[in-house]
Amino acid sequence: MDGVHDMGGMDGFGKVEPEPNEPVFHHRWEGRVLAMSRAIGVFRAWTIDTSRYAVELLSPAVYLTSAYYEKWFVRNQQLLIERGLIDVDEVAAGRALRPAKGMKRGRFTLADVESVTRRGSYGRPAPAPARYKVGDRVRTKNIHPTTHTRLPRYARGHVGVVERLHGAHIFPDSAAAGKGEDPQWLYTVRFEAQELWGADADPKLKVSIEAFEPYLEHV
Amino acid sequence: MAEHDHDHNEGSNLSEMELRVRAIETILVEKGYIETAALDRIVELYETKIGPHIGAQVIAKAWSDPGFRQSLLEDASKAVNAFAQVGRVGEHLIAVENTPQVHNMVVCTLCSCYPTDVLGLPPTWYKSFAYRSRVVKEPRAVLADFGVALPAETEIRVWDSTAETRYLVVPMCPAQTEGWSETQLAVLITRDSMIGTGLPKKPSEVA
Numbered sequence: 001m002d003g004v005h006d007m008g009g010m011d012g013f014g015k016v017e018p019e020p021n022e023p024v025f026h027h028r029w030e031g032r033v034l035a036m037s038r039a040i041g042v043f044r045a046w047t048i049d050t051s052r053y054a055v056e057l058l059s060p061a062v063y064l065t066s067a068y069y070e071k072w073f074v075r076n077q078q079l080l081i082e083r084g085l086i087d088v089d090e091v092a093a094g095r096a097l098r099p100a101k102g103m104k105r106g107r108f109t110l111a112d113v114e115s116v117t118r119r120g121s122y123g124r125p126a127p128a129p130a131r132y133k134v135g136d137r138v139r140t141k142n143i144h145p146t147t148h149t150r151l152p153r154y155a156r157g158h159v160g161v162v163e164r165l166h167g168a169h170i171f172p173d174s175a176a177a178g179k180g181e182d183p184q185w186l187y188t189v190r191f192e193a194q195e196l197w198g199a200d201a202d203p204k205l206k207v208s209i210e211a212f213e214p215y216l217e218h219v
Numbered sequence: 220m221a222e223h224d225h226d227h228n229e230g231s232n233l234s235e236m237e238l239r240v241r242a243i244e245t246i247l248v249e250k251g252y253i254e255t256a257a258l259d260r261i262v263e264l265y266e267t268k269i270g271p272h273i274g275a276q277v278i279a280k281a282w283s284d285p286g287f288r289q290s291l292l293e294d295a296s297k298a299v300n301a302f303a304q305v306g307r308v309g310e311h312l313i314a315v316e317n318t319p320q321v322h323n324m325v326v327c328t329l330c331s332c333y334p335t336d337v338l339g340l341p342p343t344w345y346k347s348f349a350y351r352s353r354v355v356k357e358p359r360a361v362l363a364d365f366g367v368a369l370p371a372e373t374e375i376r377v378w379d380s381t382a383e384t385r386y387l388v389v390p391m392c393p394a395q396t397e398g399w400s401e402t403q404l405a406v407l408i409t410r411d412s413m414i415g416t417g418l419p420k421k422p423s424e425v426a
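Chains A and B, in that order, give the protein sequences. Sequential numbering from 1 applies to the first sequence in the working numbering. Sequential numbering from 220 applies to the second sequence in the working numbering.
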């Protein structure tokens, strides 16, 4: 979707402001939100792509004015309710009003912690040979799906070069729509900045994206 | 009076988030999905165990051991596994090397993808709208915000992490570190130097 989350190349957000000696969490609740997000993942009620899409679906005003972990919190609460893990009246009451139903696994305990602090695996067997090879010139498609996609706006409709081939991975556009993993080849595609931003762009800048095969076409 | 109102408002905002988060945690615990101690442990791991010191050890070894450097550039997930503080490092980690000709920078313009296994949780600036919007278009101006100026002839390469691949920058080893141990070298390697918004410290800065 063409949402405010797709920020590459926008102007007006001001300077980047690094914080010296920044703590890992600025408030206690941020750590709890992070930990709950990791823990609840084991129930496989949704995927990483669903959770990214849920943040993108926040209204632009909410997206732009909420703190990072606040967006995670709102997203988690909404998905927990949508997927029936908790109920709206329980949120209002601040406590459980009925037992969990249809739990796919037992309680998330200390023994499960290690498994969720390691990143998941998103590589999958390839469904077909790769259409492109390293060195090929490719054009990204000019597409504007109203659902989740990982092809940023600034990189649509531009010609680049395939630099790396990463094997086939879960296709986020499909997974976030609840249509299954639909594995697709993943490439690093490199663009000259002037191809993306015009003749005034930095002549010594190159930018790459990670592009799934359905985003690409032959030049 | 105005100051009092301000404090009061800020206080109630913070406690409102705290209360809302506590409510969800209580519900999840009472319904039997999670145990509180497991959440405590996750927070503790990210606060104490999983952080940029892991990446710094990796880079220090790459600076000291040409064979390891080669393995790291060929298959970073595999090369880095020995450094995992907890479990194993996840898949799809890619190391990209700075040279006198090319300086690498990493971003996620769409959300906040970051090589958490080796750098811990991302700093606020990495997730900021300013960084995400600007670095793919004007990275030299972003570097200036970090107090870094590169020669005009240095090529800048920005990697936008739009999939599950994760990028770790291998910065250039500072001069006058001949004979240094990996432990000594690791002190020079900052988090930002492994994202590309900073350079390693010079030996004179840690003396």
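All C-beta atoms, glycine included, are put in the ideal place defined by N, C-alpha and C. This one's a predicted model, so the numbers in the text were calculated from it and none came from an experiment.
With distances taken between CB atoms, is the gap from residue i to residue j smaller than 8 Å?
i	j	result
residue 351(B)	residue 327(B)	yes
residue 265(B)	residue 338(B)	no
residue 167(A)	residue 123(A)	yes
residue 33(A)	residue 73(A)	yes
residue 155(A)	residue 47(A)	no
residue 390(B)	residue 375(B)	no
residue 164(A)	residue 188(A)	yes
residue 158(A)	residue 196(A)	yes
residue 244(B)	residue 36(A)	yes
residue 417(B)	residue 365(B)	yes
residue 281(B)	residue 287(B)	yes
residue 100(A)	residue 251(B)	yes
residue 398(B)	residue 322(B)	no
residue 161(A)	residue 131(A)	no
residue 334(B)	residue 362(B)	no
residue 91(A)	residue 38(A)	no
residue 308(B)	residue 300(B)	yes
residue 29(A)	residue 240(B)	yes
residue 86(A)	residue 246(B)	yes
residue 9(A)	residue 379(B)	no
residue 80(A)	residue 51(A)	no
Tell me the rounded alpha-carbon separation between residue i and residue j.
i	j	result
residue 2(A)	residue 272(B)	37 Å
residue 238(B)	residue 21(A)	27 Å
residue 40(A)	residue 149(A)	24 Å
residue 194(A)	residue 119(A)	35 Å
residue 108(A)	residue 254(B)	6 Å
residue 422(B)	residue 404(B)	9 Å
residue 6(A)	residue 110(A)	36 Å
residue 53(A)	residue 147(A)	8 Å
residue 377(B)	residue 15(A)	18 Å
residue 138(A)	residue 114(A)	40 Å
residue 127(A)	residue 170(A)	11 Å
residue 203(A)	residue 357(B)	11 Å
residue 60(A)	residue 71(A)	12 Å
residue 183(A)	residue 172(A)	9 Å
residue 297(B)	residue 336(B)	13 Å
residue 77(A)	residue 314(B)	36 Å
residue 201(A)	residue 27(A)	40 Å
residue 112(A)	residue 11(A)	43 Å
residue 219(A)	residue 136(A)	9 Å
residue 104(A)	residue 67(A)	32 Å
residue 49(A)	residue 394(B)	43 Å
residue 346(B)	residue 330(B)	7 Å
residue 106(A)	residue 324(B)	42 Å
residue 223(B)	residue 179(A)	With a pLDDT of 42 at residue 223(B), under the threshold of 50, the predicted position of this residue should be treated as unreliable, though the coordinate-derived value follows. Near 53 Å, if we compare the C-alpha coordinates of residue 179(A) and residue 223(B).
residue 236(B)	residue 289(B)	47 Å
residue 55(A)	residue 293(B)	34 Å
residue 192(A)	residue 354(B)	14 Å
residue 412(B)	residue 420(B)	9 Å
Per DSSP, residue i forms a beta bridge with which residues?
i	result
residue 211(A)	187(A)
residue 123(A)	169(A)
residue 5(A)	DSSP, once it has assigned bridges, lists no residue as partnering residue 5(A).
residue 205(A)	375(B)
residue 192(A)	206(A)
residue 137(A)	161(A)
residue 108(A)	253(B)
residue 218(A)	138(A)
Start-end ranges of the beta strand (DSSP E) lying completely within the region 154-180 of chain A, minimum 3 residues: Runs of the beta strand (DSSP E) inside the region 154-180 of chain A: 159-169.
Whole beta strand (DSSP E) elements within the region 295-345 of chain B, 3-residue minimum: Annotation: the region 295-345 of chain B contains the following complete segments of the beta strand (DSSP E) (minimum length 3 residues), in chain order: 312-316, 321-326.
Start-end ranges of the alpha helix (DSSP H) lying completely within the region 246-292 of chain B, minimum 4 residues: Counting only runs of 4 or more, we get 255-267, 271-283.
Inside the region 22-103 of chain A only - beta strand (DSSP E) runs reaching at least 3 residues: Runs of the beta strand (DSSP E) lying entirely within the region 22-103 of chain A, each at least 3 residues long, are absent.
Inside the region 370-423 of chain B only - alpha helix (DSSP H) runs reaching at least 4 residues: Positions of the alpha helix (DSSP H) runs, each at least 4 residues long and wholly inside the region 370-423 of chain B, are given as 401-405, 410-414 in order along the chain.
Given 8 Å, three or more beta-carbon pairs between the region 381-401 of chain B and the region 277-296 of chain B: Yes, the region 381-401 of chain B touches the region 277-296 of chain B.
The region 366-381 of chain B / the region 45-65 of chain A touching (three or more Cβ pairs under 8 Å): Flag = no, the region 366-381 of chain B and the region 45-65 of chain A do not touch.
Cβ pair count under 8 Å reaching 3, the region 197-211 of chain A against the region 376-383 of chain B: Cβ pair count under 8 Å is three or more, so yes.
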